[in-house]
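Chains as they are written, first to last, in numbering that gives the first Met the number 0: chain S, 0 to 361; chain Y, 0 to 436.
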Amino acid sequence: MNTQNILEDYIENIIQIMTPYGSGSGFIIDDLIVTNSHVVSGLKEVVISSKKEKRTIANVIYDDPDYDLAFIEYNFEKPKKQLKLATEPVEDGDTTIAIGHPYGLNYTATEGIVSRALRLQGDLEYIQIDAAINPGNSGGPLLNTDGEVIGVNTFIIQNSNNLGFALPYFYVQESLTNFKALGKKNIIKCPSCKNYIPEENIQNDYCPECGIKLEVAKLRRKGYKPTGATKLVEDILDKLNINVTLARRSQASWLVDYGSARININYYENGIIIGDAKLCAIPQNRIDEVYNFLLQENQKFSYLQFSINENSIYLSYLIVDSSLTMEKGKIAFDRLFNYADKFDDILINKFGAVKQKRDEED
Amino acid sequence: MSWSDFFNQKQTQYLHTFGRGIHADIAKNEEELYAQAYEAFEQKKVLDGYEYFLRSLINYKGEISNENIILEKTDDSLKFELYQGSAKIYATVTKENLYAEVSVAKAQSASVALKRYILERNYQFTYISYFSDGEFIKLKLFVDNLILSPQKVFYPLRELALNADFDKEHIFSEFSDATLADIEHIKPLEKEELQIKYDFMQNSITELETKVLTLPSNDKDGMQAFLYLNFLFKIDYLIAPNFALYQKISKKVQEYFLDETSSVEMKNEELKLYIMELKELNFEEFSKNFYAAKYTFEQTEKSSFEELSKFIGESFTKIKWYKSNRYNQIIPTIYTYIAFYALYNYGLNNILKALLHLFIEITHSKYFEQLGYKPLYNETTQSFEKRKIISTIDIIIHKEQQKYKNLKPFGNNLNFNSLNEFAYSFYQEIQNLNFDE
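What follows is the structure in structure tokens.
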């Protein structure tokens, strides 16, 4: 089977996983999503999406920092053609296919060759491949040419021909079997004594079996807690009935769909918060009229402004963090969302501007 | 300060515009005013804070204010006008907010290309935006006075001033149908001064062409680049053009340094073609590119002394290479290139700026003599006005010695045997300056 066919056959199994700290990949095996522990960043909740499923919040129910593995539960329909774990080991020179979302690009398949079937790193064996897998590939599946999962893409060594390393399928199988045998959710595997610890048995983040401090337990207990202006932005969005977890793209950026408009909010290191609503693209006719309209509307605004970038019309709102208050922010963001939706319609209906095409998985 | 310094002091005040700075002295109590603004803002005395802050931006020629900012304060508002080249900002501050605007062009005259340009500029700006009131295209700034500090006012106001000035010049050069608005404050230069500048540019082109012919047939790309870039930096600094001339020089320099795909040879060819365009420029066209104006903000971001020192060091290495390969003809150009490049690219402190300017005045004495300054070097006799040079350095250093206690005048350490030896010793002394406060 060629790479493109494999990607098309199994694409529904590939999951994009997003946290405030970054994004990675995962894949469905039976009733669970398998990914790396480092992709879920010690959080109990992450945002997932797939080719068929829109962004949704999902729970991390198993976290193993030792194997760098995590399992997430999902509540949508299983893919028609499901991925399966391989049963035979790979050999040097075998062709592999890494699937994931490198650099935020959705569903990319990267072909490579096994340069070392079993490479020892610490206590664990890894499959070493020459494919240039990238950060967004982390947690995604490494497949053989039959479309079987031979490993989980886990880390790369850059600047040395971009070597990629995948956790072999047998570790995944072992973890799935042991986890399911417990019949419980929210299990943390202790990296020291290797026991499977139900989270409810953990006190003060100590492993009840060996007494080591469990960093993952601490992170899961604390959760993601924004502070300062970041928290204020999220509180304002929450007050405007925006699901903040779904809107969050990183610790300092959010994406909100409102009516026909899509608004990106970014909090920059220099203390400036900018909400950019990318509206329609400029029309083919009556362009001068559109420009006049935008420039005249700009006269009425204090904080909002129209601009053009790469053929698209933007409505933006800027505020300095120290000037942001709940009251002011609520009014301003509410206005930005409503005006973005309203002006998008005006520009499309009155001037024939072109509605934006959107990748729904974004 | 000695008596000779006292008499010389007048001559350090330049009557002409050189380079892209504010061409003036900053307020003597600038730091104090800035601190007072900070304190007033902390105490929520908004109008007082603005007043102190704006006064810290007023610049001077000697003891006389340039009136680059004109303030008018009442009990509940502060109005001010701020000048930045072709841009004049009108602003009103109340306890709640600051609103400032600049009239850029007449709305009726704006083509679709100009409107597209300004709407795209809106996307690039941080604090400011273009709008139209039907009559004019204006650039505006709105600042909420909820929580203020001088920095929080400085950056938005600077963005407005620099971009309004830049865009007015750009619009004038690029969109021929457009009519600029509110430019009555910029003044034309005297014809005599324009003629000196024109002749200087044409003579420099002739000299440049002659020098290019002295280069070897191979291995010359680097040297040619030095000659062409030095010429453009020189024109920009010494004749300080505006409008199309300024915009095109900036564009050519920017393209040269940002283009990573073309060979040096190809990039040189581009510069040569532009210089040939300048050669063809007649006096009348040339004269349209100049005006006198007041400035409030420096264009370049502040650079450290270390950056300049490193650049001088790197240039010395290049000089050494050319010397050992017997390409001596390029060495004087590299020495002047150091000063022109640094003044063009780095936001230097006043001492370094003044010292580099002095170096340029010495190496371009003929031009300065035509402008009415006493020449500091005689090309025919190859002799220096040694006493004048030493005393000018003394004045430059003394001015800021209270702030930089370890700064020492170095005129007596300079080597006046030849222009090259002088240049080397001058830059070495600059590298040795101690700016510890």
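From the three backbone atoms N, C-alpha and C, an ideal C-beta is built for every residue, glycine too.
> So with Cβ pairs under 9 Å, would you call Ser128 (chain Y) a contact of chain S?
Replying inline: yes
>> Residues of chain Y with CB closer than 7 Å to the CB of Gln304 (chain S), please, in chain order.
In response: Asn121, Ser128
> Mapping DSSP to helix, strand and coil, what is Lys9 (chain Y)?
Replying inline: Because the pLDDT of Lys9 (chain Y) is 42, which lies under 50, any placement of that residue in the model is unreliable, and the question is left without a value.
> With DSSP run on the structure shown, which of helix, strand or coil describes Glu62 (chain Y)?
Replying inline: coil
> Roughly how many angstroms lie between the CA atoms of Ala239 (chain Y) and Asp176 (chain Y), to the nearest whole one?
Replying inline: 25 Å
> Which residues, taken in chain order from the stretch 106 to 118 of chain Y, show a beta carbon closer than 7 Å to some beta carbon of chain S?
Replying inline: Val111, Lys114, Arg115, Leu118
> When the Cα atoms are used, what is the spatial distance from Asn81 (chain S) to Glu214 (chain S)?
Replying inline: The sequence as given places Gln at residue 81 (chain S); Asn does not occur at that position. Cα to Cα, Gln81 (chain S) sits roughly 33 Å from Glu214 (chain S).
>> I'd like to check one pair, Lys184 (chain S) with Gly41 (chain S): are the Cβ atoms closer than 9 Å?
In response: no
> Could you check where the beta strand (DSSP E) with Ser49 (chain S) kicks off and where it finishes?
Replying inline: 44 to 49
> Whose CA, out of S:Arg261, S:Gly270, S:Asn242, S:Tyr66, lies closest to the CA of Ala251 (chain S)?
Replying inline: S:Gly270
>> Which residues does DSSP list as the beta-bridge partners of Phe310 (chain Y)?
In response: In DSSP, Phe310 (chain Y) forms no bridge with anything.
>> Given a cut-off of 9 Å on the beta-carbon distance, is the pair Leu245 (chain S) and Val46 (chain S) in contact?
In response: yes
> With distances taken between CB atoms, is the gap from Ser315 (chain S) to Gln304 (chain S) smaller than 9 Å?
Replying inline: yes
>> By the three-class DSSP mapping on this structure, what secondary structure does Asp344 (chain S) have?
In response: helix
>> Checking the sheet assignment: what are the DSSP bridge partners for Ile98 (chain S)?
In response: S:Ala108
>> Quick check: what's the CA-CA separation for Gln381 (chain Y) versus Asn67 (chain Y)?
In response: 41 Å
> With a cut-off of 9 Å, does the C-beta of Asp343 (chain S) fall near any C-beta of chain Y?
Replying inline: no
>> By the three-class DSSP mapping on this structure, what secondary structure does Tyr205 (chain S) have?
In response: strand
>> Contact criterion: CB-CB distance below 9 Å. Does Thr332 (chain Y) meet it with respect to chain S?
In response: no
> Grouping DSSP H, G and I as helix and E and B as strand, with all else coil, what is Asp4 (chain Y)?
Replying inline: Any answer about Asp4 (chain Y) is weak, because its pLDDT of 42 lies below 50 and its placement is not dependable; what the coordinates show is given next. Asp4 (chain Y): helix per DSSP, three-state reduction.
> When we look at the beta-carbon of Met275 (chain Y) and count the other beta-carbons within 10 Å, is it buried (16 or more) or exposed?
Replying inline: exposed
>> To test your reading of the DSSP string, which unbroken beta strand (DSSP E) runs of 3 or more residues are found completely within the stretch 299 to 326 of chain S?
In response: 303 to 308, 311 to 319
> For Phe130 (chain Y), which three-state DSSP category applies?
Replying inline: strand
> What separation, rounded to the nearest whole angstrom, lies between the Cα atoms of Leu175 (chain S) and Lys50 (chain S)?
Replying inline: 24 Å
> Hey, Thr109 (chain S) and Ala85 (chain S) are a contact pair by Cβ (cut 8 Å); roughly how many whole angstroms apart?
Replying inline: With a Cβ gap of about 18 Å, Thr109 (chain S) and Ala85 (chain S) do not count as contacting.
> Which stretch, first to last residue, makes up the beta strand (DSSP E) that contains Tyr82 (chain Y)?
Replying inline: 77 to 83
>> For a cutoff of 9 Å on Cβ pairs, would you count Ser76 (chain Y) as touching chain S?
In response: no
> In whole angstroms, what separates the C-alpha of Tyr126 (chain Y) from that of Glu158 (chain Y)?
Replying inline: 7 Å
> For Asp29 (chain S), which of S:Lys53, S:Glu72, S:Tyr257 has the nearest alpha-carbon?
Replying inline: S:Glu72
>> If we define contact as Cβ-Cβ less than 9 Å, is Gly133 (chain Y) a contact residue for chain S?
In response: yes
>> Going residue by residue through the stretch 323 to 353 of chain Y, where are the continuous alpha helix (DSSP H) segments of at least 4 residues, counting only ones entirely within it?
In response: 330 to 344
>> I need the DSSP call for Phe135 (chain Y), collapsed to helix, strand or coil.
In response: strand
> How about Ile88 (chain Y): is its C-beta nearer than 9 Å to some C-beta of chain S?
Replying inline: no
> Counting Cβ pairs, one atom from each stretch, are 3 or more of them under 8 Å apart for the stretch 381 to 400 of chain Y and the stretch 211 to 225 of chain Y?
Replying inline: no
> Got a sec, what are the start and stop residues for the beta strand (DSSP E) Ala260 (chain S) sits in?
Replying inline: 260 to 266
>> Between which residues of its own chain and Lys385 (chain Y) is the CB-CB distance below 6 Å, once the five residues before and five after are set aside?
In response: Phe415
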